[in-house]
Amino acid sequence: MSRADLFGAGSRVSPAISLSERQRLDWLRLIRSESIGPRTFRSLINRHGGAAAALEALPALLKKAGKAELRMCTQAEAEAELAGLTRLGARLVALGEKDYPAALAAIDSAPPLLTILGRADIAARPCIAIVGSRNASAAGSRMAEKLAQMLGLAGITVVSGLARGIDTRAHDASQPTGTVAVLAGGLAKPYPRENIGLMQRIAETGCVISEMPLGCEPRAREFPRRNRIVSGMALGTVVVEAARRSGSLITARFALEQGREVFAVPGSPLDPRAEGTNDLIRSGATLVTCAEDILEVVQPMLEAGPLPARQLREDSVAQQGERLWDELDLPELPHEQAPRTVTAAAAYEPEPDDAGRGGALVRIVAMLGPSPIEVDDLARLLALDIRAVQAALTELDIAGRLSRLDGGRVALR
Numbered sequence: 225m226s227r228a229d230l231f232g233a234g235s236r237v238s239p240a241i242s243l244s245e246r247q248r249l250d251w252l253r254l255i256r257s258e259s260i261g262p263r264t265f266r267s268l269i270n271r272h273g274g275a276a277a278a279l280e281a282l283p284a285l286l287k288k289a290g291k292a293e294l295r296m297c298t299q300a301e302a303e304a305e306l307a308g309l310t311r312l313g314a315r316l317v318a319l320g321e322k323d324y325p326a327a328l329a330a331i332d333s334a335p336p337l338l339t340i341l342g343r344a345d346i347a348a349r350p351c352i353a354i355v356g357s358r359n360a361s362a363a364g365s366r367m368a369e370k371l372a373q374m375l376g377l378a379g380i381t382v383v384s385g386l387a388r389g390i391d392t393r394a395h396d397a398s399q400p401t402g403t404v405a406v407l408a409g410g411l412a413k414p415y416p417r418e419n420i421g422l423m424q425r426i427a428e429t430g431c432v433i434s435e436m437p438l439g440c441e442p443r444a445r446e447f448p449r450r451n452r453i454v455s456g457m458a459l460g461t462v463v464v465e466a467a468r469r470s471g472s473l474i475t476a477r478f479a480l481e482q483g484r485e486v487f488a489v490p491g492s493p494l495d496p497r498a499e500g501t502n503d504l505i506r507s508g509a510t511l512v513t514c515a516e517d518i519l520e521v522v523q524p525m526l527e528a529g530p531l532p533a534r535q536l537r538e539d540s541v542a543q544q545g546e547r548l549w550d551e552l553d554l555p556e557l558p559h560e561q562a563p564r565t566v567t568a569a570a571a572y573e574p575e576p577d578d579a580g581r582g583g584a585l586v587r588i589v590a591m592l593g594p595s596p597i598e599v600d601d602l603a604r605l606l607a608l609d610i611r612a613v614q615a616a617l618t619e620l621d622i623a624g625r626l627s628r629l630d631g632g633r634v635a636l637r
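Going by the working numbering, the first residue of the sequence shown is number 225, and it counts up by one from there.
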C-alpha cells in the first residue's frame, strides 16, 4: 500500500465537521473564558448542545457554583483575536474539522481549537516527535539532525517544540521536507526569541501550531500542555537526550498515556544528559541508533492508515478526562473522571539568554560530552570559526579536560 493510499477514500478518518464563522467565534469565546479548559469545554457543550447556548448559560452556572467573579471572554476580544490571526496569515481550526490533525484528535485532552500558521497538510501526514535536552551535547545534536533528516526523506513529518537544543536541530534538519513546531505560548509570542527566524522558515514549508491565545506569553505551566500536543500529533516520540528530571520525559509519559510508541537514543552513562534516555530504555522504550529502528516499528501503523479521528458535532462531543488546567467543576455538569495534574511542571524554568554565556570556550564545554564528535561538526553546530574552536580545544587539552580520538574526533573528560 502506498502512502498516498493511506489518505485516500479507504482511510478510517471520519467525515469532518465545518463550523460556521458564528460558531467559531462562540467556540473561541468559550475556550478563552477563565478556567475553561478542554474538559469543561466538552462538558458545557454536551450539557447545552453548543457553544452559544453554553455561553448564555455560563453566568448562571458560575453564580450557582459561587464563582461569579471568573471572567468570560467578550465578543470584542474574540473578534480581535480572529482579526490578529488573519493579519498574521494564520487561522483557527476546530476539533473535528478537516484540517485538525487526526492523531491529535484521538487523544483524551485534544484542544478544542488550534491556531495554525502554514501548511496544515504537513501536519496531516504521519508524524514522529523528536524531543530532548535544551543543553544538548554535540553528539546528541548530530543524532537529532540525522534522525530528522532521514525521517523527513521517508515521508514522515517531524514534530517538536521549537525549544533550544534537540528541538532546534530536529526542526532545522527536517525543515526542507516539512516539520511542525508546537508553541507553548501564542503565535505572536514564540519562545525562545532566538528561534523566531526558524519559526518563520517552518511556516513556509511546514506549519506552526498553538492552542494558546495569539498574544499569550508562555509560562511554566504551558510547557507540559504543549508537550501533550507534541506527543499527541505523533505515532511515536523519540527522546534523544534527557536528564532524569526533564520536560522530555514528561513528553514520553504523555506518549505512553496516549497509546503511542516511545523511542530513546542511548547515551554515555557518564553524561547526565543521557540518564533519562537510558532509564527509558531499561523501562522498555525502543532503543534507537538510526532512523530505520523507528521506521520498522511504525511501518505497520502506516499500513493500517491514519488514527481514527473522533466524530465531533456541537451537540455530541466526546467525554475526555485528562486535564492540565484549573478547570471549573460546575454543579450542573455531567460527572467526569477525576482530573490529573502534572507535578513535573516545576521542571520548566524560563530559558536563559545566550548573551551572558561568555565566549567560545564556555559554549564548547557546554556542547561537548563523553561521546566523541568531529571538530568540524562541533564548529558547524556552534556556528563558530574553526580557528576559535581549535584554540578553545587546545586550552581544554592543556587543562587535561579533552580526549582526542582517531578521525579528528574529541570528547570531554
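All C-beta atoms in this analysis are idealised placements derived from N, C-alpha and C, irrespective of residue type, glycine included. As the structure is a prediction and not an experimental result, all values here were calculated from the model.
- The residues Ala498, Pro594 and Ser595, in chain order, have a CB closer than 6 Å to that of Ser492 in the same chain once the five nearest residues on each side in sequence are set aside.
- Between Arg388 and Ala368, the C-beta gap is not smaller than 7 Å, which leaves the two residues out of contact.
- The segment 401-419 and the segment 432-446 touch, with no fewer than 3 CB-CB distances between them shorter than 8 Å.
- Between Arg253 and Leu279 a beta carbon distance of about 6 Å is seen, short of the 8 Å cut, so the two are scored as contacting.
- Rounded to the nearest whole angstrom, the CA to CA distance from Leu411 to Ala635 is 39 Å.
- Here Arg246 is exposed. Its C-beta has fewer than 16 other C-beta atoms within 10 Å.
- When C-alpha distances from Leu519 are compared across Glu598, Asn419 and Ala353, the shortest belongs to Ala353.
- Residue pairing by DSSP leaves Phe447 without any beta bridge partner.
- Rounded to the nearest whole angstrom, the C-alpha separation of Met374 and Ile255 is 38 Å.
- Residue pairing from DSSP places Arg628 in a beta bridge opposite Val634.
- In the assembly as shown, Ser244 is an exposed residue. Its beta-carbon has fewer than 16 other beta-carbons within 10 Å.
- Of Val599, Ile505 and Asp396, the smallest CA-CA separation from Leu626 is found for Val599.
- Residue environment: Asp345 is assigned as exposed (fewer than 16 neighbouring CB atoms within 10 Å of its CB, all protein chains considered).
- Taking Leu473 as the centre and dropping the five residues before and after it, the same chain places the C-beta of Ala466 and Gly500 closer than 6 Å to its C-beta, in chain order.
- The three-state secondary structure of Gly421, taken from DSSP, is helix.
- Take the alpha-carbon of Ala488 and the one of Gly508: they are about 10 Å apart.
- In this structure, the CA atom of Ala612 is about 40 Å from the CA atom of Ala458.
- Counting other Cβ atoms within 10 Å of its Cβ, Val382 reaches 16 or more and is therefore classed as buried.
- Excluding five sequence positions before and after Ala275, the CB atoms of its chain that fall closer than 6 Å to its own CB belong to Asp250, Trp251 and Leu254, given in chain order.
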